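Going from the sequence shown to the numbering used here is simple: count from 1 and add 30. Here a beta-carbon is modelled for each residue, glycine too, at the ideal position from N, C-alpha and C. Treat the numbers as computed from the prediction; the structure is a model and nothing was measured. Notes follow the structure.
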Amino acid sequence: MSILDRFSIDGQVAIVTGAGRGLGAATAVALAEAGADVLISARTAEQLEVVAEQVRATGRRCVVVPADLSDLDAVAGLAQTAYDELGRIDTVVNNVGGTFPKEFLKTSPRFLNEAFSFNVATAHALTRAAVPLMLQQDDGKQKSVVTISSMMGRTADRGFVAYGTAKAALAHWTKMAAQDLSPRIRVNGIYVGSILTSALEFVAGQPELMGQLEGKTPLGRVGEPEDIAAGVLYLASKAGQYVTGKLIEIDGGIQQPTLDLGFPDVAP
Numbered sequence: 031m032s033i034l035d036r037f038s039i040d041g042q043v044a045i046v047t048g049a050g051r052g053l054g055a056a057t058a059v060a061l062a063e064a065g066a067d068v069l070i071s072a073r074t075a076e077q078l079e080v081v082a083e084q085v086r087a088t089g090r091r092c093v094v095v096p097a098d099l100s101d102l103d104a105v106a107g108l109a110q111t112a113y114d115e116l117g118r119i120d121t122v123v124n125n126v127g128g129t130f131p132k133e134f135l136k137t138s139p140r141f142l143n144e145a146f147s148f149n150v151a152t153a154h155a156l157t158r159a160a161v162p163l164m165l166q167q168d169d170g171k172q173k174s175v176v177t178i179s180s181m182m183g184r185t186a187d188r189g190f191v192a193y194g195t196a197k198a199a200l201a202h203w204t205k206m207a208a209q210d211l212s213p214r215i216r217v218n219g220i221y222v223g224s225i226l227t228s229a230l231e232f233v234a235g236q237p238e239l240m241g242q243l244e245g246k247t248p249l250g251r252v253g254e255p256e257d258i259a260a261g262v263l264y265l266a267s268k269a270g271q272y273v274t275g276k277l278i279e280i281d282g283g284i285q286q287p288t289l290d291l292g293f294p295d296v297a298p
């Protein structure tokens, strides 16, 4: 087997959540280009169909499931759908998540709980539903789960007490799940840095903010969705067969937050 062959996932099946745009869309296409059939899910059907066209253009099958992925039953149901429609499950990419920044005193316990559910419980619900189906293929091949965390889960800044805490919990969930599911299923994650997706549209339109973000990034630029997709492929493929319970930092080398949102000091 050549080194490039290790990155092939020909004939495998992957589930990618949050795949209507951004990181999820790039990941779904990348996995298809490497040989996998994919099930993609997100809230907006129109966005998913655009991604599905790109997947099918590679010659691979694509199942589209529009759904509210904050609904834990809905996200768990993706596993059975993928198995029924595509015949197997080899990789689960837990990409759905995200939480708006808020000042500390405006972050209610309910908001914190919702952030945890959307970023962590969704990953657990889907993975828990997928594992029995992944194990039904007794073909000796490793299966893989990849979670998408954030650099804010390993650093700290104002306004991110809900998002950062949830992403830190997701990273630790990744390590814990890797212990529970080894050796048949590898579980790894990615600490994502600043990536040029719709989440950064506001910043991209303001040169001062973009300059601040790029200037605090050692590599001097924001990332592209394909940078993350390449990391997912490594973790999902035989190239990453000796890696589990790890979080890879794909963030341009940052060691601290790169964008000051200007949240003020707390005041009486």
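message = DSSP three-state label for K173, please.
response = Start at 1 with the first residue of the sequence shown, and residue 173 comes out as number 143. Reduced to three states, the DSSP call for K173 is strand.
key: Own chain residues within Cβ distance below 6 Å of D167, not counting five before or after   = If you number the sequence shown from 1, residue 167 lands on position 137. Looking at the sequence shown, residue 167 is not Asp but Gln. Same-chain partners within the cutoff: R118.
request  = State the CB to CB distance for the pair G223 and G253, rounded to an integer number of angstroms; the pair is presumed to be in contact (CB under 8 Å).
outcome  = Position 193 of the sequence shown, counted from the start, is the residue given in the question as residue 223. Position 223 of the sequence shown, counted from the start, is the residue given in the question as residue 253. About 6 Å separates the CB atoms of G223 and G253; that is less than 8 Å, so the two are in contact.
query = At a cut of 8 Å, does the stretch 81-95 reach the stretch 258-265 through at least three beta carbon pairs?
reply = No, because fewer than three Cβ pairs between the stretch 81-95 and the stretch 258-265 fall closer than 8 Å, the two stretches do not touch.
query = Taking A196 as the reference, which of T157, K205, R214 and F148 has the closest Cα?
reply = Counting from 1 along the sequence shown, the entry for residue 196 is found at position 166. The option with the nearest alpha carbon to A196 is F148.
task = Could you work out which residue in I45, V95 and T137 is closest to A60 when comparing CA atoms only?
result = Start at 1 with the first residue of the sequence shown, and residue 60 comes out as number 30. Closest by alpha carbon: I45.
inquiry  = Once DSSP output is grouped into helix, strand and coil, what is the label at E133?
reply    = By 1-based counting over the sequence shown, the position of residue 133 is 103. Collapsing the DSSP output to three states places E133 in coil.
inquiry  = If distances are taken between C-alpha atoms only, which option among A192, T227 and V175 comes closest to K276?
reply    = Reading the sequence shown from its first residue, position 246 is the one you call residue 276. When only C-alpha atoms are compared, the closest one is V175.
ask   = For E244, which three-state DSSP category applies?
value = Position 214 of the sequence shown, counted from the start, is the residue given in the question as residue 244. The answer is helix: DSSP assigns E244 an H, G or I state.
task = Within its chain, find whatever has a CB closer than 6 Å to the CB of A75; leave out the 5 residues flanking it on each side and keep chain order.
result = The count along the sequence shown starts at 1 and reaches residue 75 at position 45. These residues qualify, in order along the chain: P96.
key: Sequence-distant residues of its chain with Cβ nearer than 6 Å to G283 (five each side left out)   = The residue you call residue 283 lines up with position 253 of the sequence shown. Residues of the same chain with a CB within less than 6 Å of the CB of G283, apart from the 5 flanking positions on each side, are P248 and L249 in chain order.
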